[in-house]
Amino acid sequence: MEVSMVCTRVNLLILILSLCSPYKFIQSPMDFGPLNLLPTTTDASSDFGRILFHSPSAVLKPQSPRDISLLLSFLSASSLSKVTVAARGAGHSIHGQAQALDGIVVDMCSLPSEIDLYRGGGEGDISYADVSGGAMWIELLEQSLKLGLAPRSWTDYLYITIGGTLSNAGISGQTFKHGPQISNILQLEVVTARGETVTCSPTKDAELFNAVLGGLGQFGIITRARILLQEAPQKVKWARAFYDDFHTFTKDQELLVSMPDSVDYVEGFIVLNEQSLHGSSIAFPANMAFNPDFGSKSSPKIYYCIELAVHDYQYKNTNVDQVVEAISKQMSHIASHLYSVEVSYFDFLNRVRMEEMSLRSSGLWEVHHPWLNMFVPKAGISDLRDLLMDNISPDNFEGLILIYPLLRDKWGTNTSAVLPDSGSTEQVMFVVGILRSANPDEGCSHDCLQELLHRHRRIADTAGARLGAKQYLAHHPTPAGWHQHFGPRWERFADRKVRFDPLSILGPGQGIFPKGNRNAVYAS
7 MEVSMVCTRV NLLILILSLC SPYKFIQSPM DFGPLNLLPT TTDASSDFGR
57 ILFHSPSAVL KPQSPRDISL LLSFLSASSL SKVTVAARGA GHSIHGQAQA
107 LDGIVVDMCS LPSEIDLYRG GGEGDISYAD VSGGAMWIEL LEQSLKLGLA
157 PRSWTDYLYI TIGGTLSNAG ISGQTFKHGP QISNILQLEV VTARGETVTC
207 SPTKDAELFN AVLGGLGQFG IITRARILLQ EAPQKVKWAR AFYDDFHTFT
257 KDQELLVSMP DSVDYVEGFI VLNEQSLHGS SIAFPANMAF NPDFGSKSSP
307 KIYYCIELAV HDYQYKNTNV DQVVEAISKQ MSHIASHLYS VEVSYFDFLN
357 RVRMEEMSLR SSGLWEVHHP WLNMFVPKAG ISDLRDLLMD NISPDNFEGL
407 ILIYPLLRDK WGTNTSAVLP DSGSTEQVMF VVGILRSANP DEGCSHDCLQ
457 ELLHRHRRIA DTAGARLGAK QYLAHHPTPA GWHQHFGPRW ERFADRKVRF
507 DPLSILGPGQ GIFPKGNRNA VYAS
């Protein structure tokens, strides 16, 4: 055993020296003791955004968290190393956040997808799942439903990893009720930049626990998470209501999130054109007789849609049709334009998969995705709508613009996630997602893509400066931009970096802490 470990150390020293050279050294798989290092792959240098392509020198396919620990312990112990490491899950980032130029990408999906479920049996006894950080949310859903259980908080798309969403926040239409996914975590297993494997929770190593949640991969790699579960409904009553007035649309959304005992999910989107109406309805199996007049190019007419859902547990003998009807009577949507359908709970949560398969079949999935997501204070949401319309042409917009409310008190204050500064006691804020596609085969090549990115940057900068908005799944081109992003939370974030990753090994793709410049941690 000692001889094997000595050989491993020697091999890793060779690895470090090789990675510090200006040449890509791995041309074929190499065995560094127990570590399975491979040449760079197309996946490791790309992501869903298809905007940045930064090639690493090597890819680690770990078979256990110990492989990650071994790699990081040697890198952190070497004063010679300039190597950075990025954990990559399903590659659903937009701006290269999980890439590591000339460094090492850790393929988290190589970890065994271990899922252990516990059903609480007594009064006050909770149910939870212990899940590998590289497992996907769809896998957890499939396994937990076998016991009639499911996580409380979700993302819209489920083919992404546990560790990936917890490193950001994890939001969807349930967030107003249960908080983001990071608010539903009981315990984590984290490999720090020093290679230490730490089990942490709100009461044990709480500083690391809170740092990693929403920490953008800067403080450690999540290798396991204990996720709170609840009883899963058998079916869901899924409804859509249409509006021609933005103020009425947002007011009804606020009404719905004030009814958590009746409503289980609230989202919404802008209906800009026929594509945004029908493209968002692929998974909604109801015959909608909504055929609006979108006006002309010079004088467009904009509509809005609220999407809500009510869980149907069946054994509770609750008539969900009556519940939805009672809710709709309090709403002010366009008369006769509320549509509802009952679907299985699994199909509802997996609804975006149907849209994905439709786009894949048309060759429209693997295109550029210059997305922009923001958290916007309630007081600025109408101005944000106007800002969007000043920078978007409804007639040729390809994609979806989501707008729906969240509640501040469902978010912990100690995690690394960033929300707009609250100058009042107002609990409501909105998430706005510009989920745009840009297809090079339809004329949106390099110049077109750069123009869209520039336009989105202008929207983000203006919304931040004038409205106090904060980016979610943020991208800032400079450390100074990140300093401004965190605002009064910057010092705590920087202190956590010094404590848990003083050599700035982790998360280079975010561009927050440049490698080799320790003073950059505190630079503005």
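Letter by letter, the sequence shown follows residues 7 to 530 in this note's numbering. Ideal Cβ placement from N, Cα and C applies to all residues, glycine included.
Rounded straight-line distance, which links the Cα of residue j to that of residue i
i      : j      : result
Pro376 : Asn325 : 42 angstroms
Leu314 : Ser451 : 37 angstroms
Ser286 : Leu406 : 7 angstroms
Ala104 : Asn216 : 20 angstroms
Asn379 : Ala480 : 8 angstroms
Arg357 : Val347 : 13 angstroms
Pro485 : Arg502 : 16 angstroms
Gln180 : Gly170 : 19 angstroms
His317 : Ser178 : 15 angstroms
Arg366 : Asp447 : 14 angstroms
Leu370 : Asn445 : 7 angstroms
Ser430 : Phe436 : 15 angstroms
Arg464 : Met142 : 34 angstroms
Ile538 : Gly301 : Outside the displayed range of the chain (7 to 530) lies residue 538, so it cannot be described from this structure.
Gly220 : Ser399 : 33 angstroms
Cys454 : Ile518 : 27 angstroms
His101 : Gly185 : 26 angstroms
Ile74  : Gly449 : 42 angstroms
Leu214 : Ala332 : 45 angstroms
Ala500 : Glu120 : 33 angstroms
Asp113 : Leu76  : 15 angstroms
Tyr2   : Arg232 : Residue 2 lies beyond the stretch modelled for the chain, which goes from 7 to 530, so this question has no answer here.
Leu235 : Arg498 : 31 angstroms
Ser34  : Lys67  : Confidence in Ser34 is poor, its pLDDT being 49 and thus under 50, which makes the residue's placement unreliable; the coordinate value appears in the next sentence. Approximately 14 angstroms between the Cα atoms of the pair.
Spatial neighbours of residue i in its chain, beta-carbon cut-off 7 angstroms, leaving aside the 5 residues before and after
i      : result
Leu473 : Val382, Pro383, Gly386, Asp389 and Leu390
Ile521 : The sequence shown places Lys at residue 521, rather than the Ile named in the question. Taken in chain order, the residues that qualify are Lys88, Thr90, Ser510 and Pro514.
Ile288 : Met360, Glu361 and Ser364
Val349 : Lys241, Val242, Trp244 and Pro291
Leu355 : Leu147, Trp160 and Leu164
Asp49  : Gly97
Gln336 : Leu261
Outcome for residue i when other beta-carbon atoms lying within 10 angstroms are tallied against a minimum of 16
i      : result
Pro426 : buried
Ser82  : buried
Ile132 : exposed
Ser428 : exposed
Thr256 : buried
Gln328 : exposed
Asn174 : buried
Asn402 : exposed
Glu195 : buried
Gly223 : buried
Asp37  : Any reading at Asp37 needs caution, since the residue's pLDDT is 49, under 50, leaving its predicted position unreliable; the model's value is listed next. Counting Cβ neighbours within 10 Å, Asp37 comes out exposed, since fewer than 16 surround it.
Tyr271 : buried
Asn323 : exposed
Asn190 : buried
Asp53  : buried
Lys476 : buried
Proximity winner among the options, relative to residue i (alpha-carbon distances)
i      : options                           : result
Ile312 : Pro291, Tyr321 and Asp250         : Asp250
Phe225 : Leu44, Leu78 and Leu459           : Leu78
Tyr410 : Cys454, Ile440 and Asn445         : Ile440
Gln259 : Asn190, Leu234, Asp453 and His339 : His339
Leu41  : Leu58, Ala444 and Gln69           : Gln69
Gly55  : Met114, Val373, Gly487 and Phe248 : Val373
Phe281 : Arg230, Leu222, Val272 and Tyr309 : The sequence given here places Gln at residue 281; Phe does not occur at that position. Residue Tyr309 is the option with its Cα nearest to Gln281.
Leu153 : Gly449, Gly470 and Ala238         : Ala238
Thr46  : Ile74, Ala92 and Ser84            : Ala92
Pro72  : Tyr319, Thr229 and Ile233         : The sequence as given places Arg at residue 72; Pro does not occur at that position. Residue Thr229 is the option with its Cα nearest to Arg72.
Asp342 : Ala247, Ile57, Lys67 and Val137   : Asp is not the amino acid found at residue 342; the sequence shown has Ser there. Checked all of Ala247, Ile57, Lys67 and Val137; the closest Cα to Ser342 is Ala247.
Leu116 : Gln236, Phe182 and Leu44          : Before going further, note that residue 116 is Ser rather than Leu in the sequence given. The shortest Cα separation from Ser116 among Gln236, Phe182 and Leu44 belongs to Leu44.
Gly139 : Gly493, Ile166 and Ser264         : Ile166
Spatial neighbours of residue i in its chain, beta-carbon cut-off 6 angstroms, leaving aside the 5 residues before and after
i      : result
Leu107 : His60
Gln433 : Leu413, Arg414 and Asp415
Leu408 : Phe275 and Gly439
Leu283 : Val277
Pro298 : Tyr309
Gln516 : Gln103 and Leu222
Val111 : Ala50, Pro62, Val65, Ala92 and Arg94
Met294 : Tyr345
Arg461 : Asn397
Thr421 : Ile188, Asn216, Leu219 and Gly220
Neighbourhood of residue i by C-beta, 8 angstroms cutoff - its chain only, sequence neighbours within 5 removed
i      : result
Glu457 : none
**Message:** Does the structure place the region 124-139 close enough to the region 202-214 that three or more beta carbon pairs sit under 8 angstroms?
**Reply:** no
**Prompt:** With a cut-off of 8 angstroms, do at least 3 Cβ pairs link the region 272-287 to the region 392-401?
**Reply:** yes
**Prompt:** Given 8 angstroms as the limit, is there contact between the region 156-168 and the region 134-146, that is, 3 or more CB pairs closer than that?
**Reply:** yes
**Request:** For the region 492-508 and the region 190-203, state whether three or more C-beta atom pairs, one from each stretch, are separated by less than 8 angstroms.
**Result:** yes
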